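Visitor: In this note's numbering, the protein residues as written are 333 to 581.
Written out as structure tokens, the structure reads:
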């Protein structure tokens, strides 16, 4: 693996996953290849045969995005400033440093060290919850930078909504109406950070965040999937669907 991919995937039992997909006849074994080469953040998403067909064209090409990269970097960095809330500013930057320590981010970088076609997206935070449960969620805005506008898809990911939970409950009751059932939800920690960004997408993997100490923007490169990129959603749900399939089998 390239270093940026290997650091994210090292703890995962990838060959076991691949063998199980093949053994049970999963219709999208190519998901293994996308994971092990890293998920790209721009351009056309791979076709997923077990998803519904749904064509969504790109608004701009990757070449068009690259052509405007130099001017967009200047305007983006000029717009990076305090949110007006010291708590959010400090939490966002502290969480960013934690991601660097985890190997999910790389940097900081000086602007002159970036490639000529580098696209920078803005990172900011939003408050969630209240009281003791108050936390700040990081958002990487790959829409404003134009990266999401290059994404084209021809298959629609299947989301497991509450209807799926209700259907599961009904099936359990039909199969064993006299049993008592216990339900539990499990939340995957740092879900998107479990998957790596492809080295081919390094030019669109850069983010800028406000540093409350220096009052200046700091630039980093994403190694793990960002929360805010369209391709992150498609890549993650593709993997999640394969794991759900194996669980059912």
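The beta-carbon is built from N, C-alpha and C at its ideal position, and this holds for glycine as well.
It should be emphasised that the depicted structure is a prediction, and the values quoted were computed from it without experimental measurement.
According to DSSP, is residue 469 part of a helix, a strand, or is it coil?
Guide: Residue 469: strand per DSSP, three-state reduction.
Visitor: Is the segment 515-533 touching the segment 556-566, taking contact as three or more C-beta pairs under 8 angstroms?
Guide: Yes: at least three Cβ pairs fall under 8 angstroms.
Visitor: Are the CB atoms of residue 408 and residue 561 nearer to each other than 8 angstroms?
Guide: Their beta carbons are not under 8 angstroms apart, which means residue 408 does not touch residue 561 by this criterion.
Visitor: Determine the burial state of residue 450: buried for a count of at least 16 other Cβ atoms within 10 Å of its Cβ, exposed for fewer.
Guide: With 16 or more other Cβ atoms within 10 Å, it is buried.
Visitor: In its own chain, which residues sit with a C-beta less than 8 angstroms from the C-beta of residue 576, not counting the 5 before and 5 after it?
Guide: If we look at residue 576 and ignore the five residues flanking it on each side, its Cβ neighbours are 492.
Visitor: How far does the alpha helix (DSSP H) with residue 478 in it reach, from first residue to last?
Guide: Here residue 478 belongs to no alpha helix (DSSP H), and DSSP marks it neither H nor E.
Visitor: In chain order, what residues of the same chain lie with their CB nearer than 7 angstroms to the CB of residue 513, ignoring the 5 residues before and after it?
Guide: Hits under 7 angstroms: 504.
Visitor: Within this structure, are the beta carbons of residue 488 and residue 333 separated by less than 8 angstroms?
Guide: The answer is no: Cβ separation not under 8 angstroms.
Visitor: Considering residue 438, what are the terminal residues of the alpha helix (DSSP H) in which it resides?
Guide: No alpha helix (DSSP H) contains residue 438, which is instead part of the beta strand (DSSP E) from 437-441.
Visitor: Can you check whether the CB of residue 530 is closer than 8 angstroms to the CB of residue 420?
Guide: Not closer than 8 angstroms, so no.
Visitor: Could you check whether residue 397 and residue 584 sit closer than 8 angstroms to each other, using their CB atoms as the reference points?
Guide: Absent from the structure is residue 584, since the part of the chain shown begins at 333 and ends at 581.
Visitor: So residue 486 is in the beta strand (DSSP E); what residue range does that whole segment cover?
Guide: Residues 485-488.
Visitor: Going by DSSP, which residues form a beta bridge with residue 376?
Guide: Per DSSP, 484.
Visitor: Determine which residues share a DSSP beta bridge with residue 549 and list them.
Guide: Answer is 542.
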